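Asker: Taking my numbering, I'd label the letters of the sequence shown as residues 329 to 568.
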Amino acid sequence: MVVGSIGRHVRYAFTTRDGGVSHPPYASLNLSSQVGDDAGAVAANRERVRVRLGVPAIVWQRAEHGGRVCVVDALRDRAAEPSADGLIVLAPGCAVAALAADCVLFVLADRAGRAVGVGHCGWRGLLAGIVGAVVDGVRAAAGDGAPLHAVLGPAICGSCYAVGPEVYAAVTGTVPAAAARTLSGRLALDVAAGVAAQLRDHGVVIDNRIGGCTYEDAAFFSYRRDGVTGRHAVLAWLEP
Ligand SMILES: [Zn+2]
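Put into structure tokens, the structure is as follows:
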């Protein structure tokens, strides 16, 4: 697990496969309740992460591959599991978490710590505008003019993510920066490059990129590599 900060009040963490109780094909730190893993194992894994990070609660997303953002009330929504690809929290009291196995995970905040958001973005999310939706939500809370900072997590790279011609045309027609080729020359997408371009287009400063290619690095879950598998996470929270 990698833990970091944006400014003095915003903390984030990116998990790996390591440190959980799930059995194969979810071994071991699967954090998704949506992939067929044992519910008790997922709950135990989530509790391990909560204790490790020292946060009072975590609100976990149910990913939809769309553009919907949910603003979480840190006290009211602790037991919720919202169906949304972006989660934003505006006050200390709980962390928000987004899940992926190849898709791009990102965290976004103002350095003063008025709001923090996390998101999950694959090629559908690039088209659905999830990046802009999280930016708009955080900016609305942070106030106009506050510079926003982002950190990107591990994701399948452009050399590993071959796609068909229809998907390639649809995505690169909207987000040219996502265009890529595999080593053998097949059409491919670099979703992280697309997310980075969309963040910059919205005026966001990218502080860091953490982790490498999920398909190549067995430290991460990869849907493209393994099919039935778990999900790693980005978590973020505000400290008082
Ligand atoms: Zn790769």
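Quick reminder that beta carbons are idealized off the backbone N, C-alpha and C, glycines included.
Computed from a predicted structure; not experimentally measured.
The alpha helix (DSSP H) that contains N373, what's its start and end?
Answerer: Walking along the sequence shown from the start, residue 373 turns up at place 45. A367 to L381 is the span of the alpha helix (DSSP H), which, as asked, contains N373.
Asker: Tell me whether Y543, by its Cβ, gets closer than 7 angstroms to a heavy atom of ligand 1.
Answerer: On the sequence shown, position 215 is the one that residue 543 refers to. Result yes, Cβ under 7 angstroms from ligand 1.
Asker: In angstroms, rounded to a whole number, what distance separates the CA positions of G441 and L415?
Answerer: Position 113 of the sequence shown, counting from 1, holds the residue named residue 441. Position 87 of the sequence shown, counting from 1, holds the residue named residue 415. So the two alpha carbons sit approximately 15 angstroms from each other.
Asker: By the three-class DSSP mapping on this structure, what secondary structure does Y354 have?
Answerer: Here residue 354 corresponds to residue number 26 of the sequence shown, with the count starting at 1. Coil.
Asker: If we count the other Cβ atoms within 10 Å of its Cβ and call it buried at 16 or more, is P493 buried or exposed?
Answerer: Your numbering for residue 493 matches position 165 in the sequence shown. Classification for P493: exposed.
Asker: Find the nearest neighbour of G450 within the set A524, R374 and R406, judged by alpha-carbon distance.
Answerer: For this step, residue 450 is matched to residue 122 along the sequence shown. When only C-alpha atoms are compared, the closest one is A524.
Asker: Name the DSSP beta bridge partners of W451, please?
Answerer: Counting from 1 along the sequence shown, the entry for residue 451 is found at position 123. Note: W451 sits in no beta bridge, so no partner.
Asker: Assuming L480 and A520 form a contact by the criterion Cβ under 8 angstroms, report the distance between their Cβ atoms to the nearest whole angstrom.
Answerer: What you label residue 480 is simply residue 152 of the sequence shown in a count that begins at 1. What you label residue 520 is simply residue 192 of the sequence shown in a count that begins at 1. Indeed they touch by this definition, with Cβ atoms about 6 angstroms apart.
Asker: So what's R345 in DSSP terms, helix, strand or just coil?
Answerer: To locate residue 345, count along the sequence shown from 1; it is residue 17. The answer is coil: DSSP assigns R345 none of H, G, I, E or B.
Asker: Does A469 come out as helix, strand or coil in the three-state DSSP assignment?
Answerer: Counting from 1 along the sequence shown, the entry for residue 469 is found at position 141. Note: A469 maps to helix in three-state DSSP.
Asker: Could you give the DSSP three-state label for A456: helix, strand or coil?
Answerer: Within the sequence shown, residue 456 is the residue found at index 128, counting from 1. Of the three classes helix, strand and coil, the one that applies to A456 here is helix, per DSSP.
Asker: Hey, out of L436, P420, P384 and G447, whose CA is closest to P410's CA?
Answerer: What you label residue 410 is simply residue 82 of the sequence shown in a count that begins at 1. Of L436, P420, P384 and G447, the residue nearest in Cα terms is G447.
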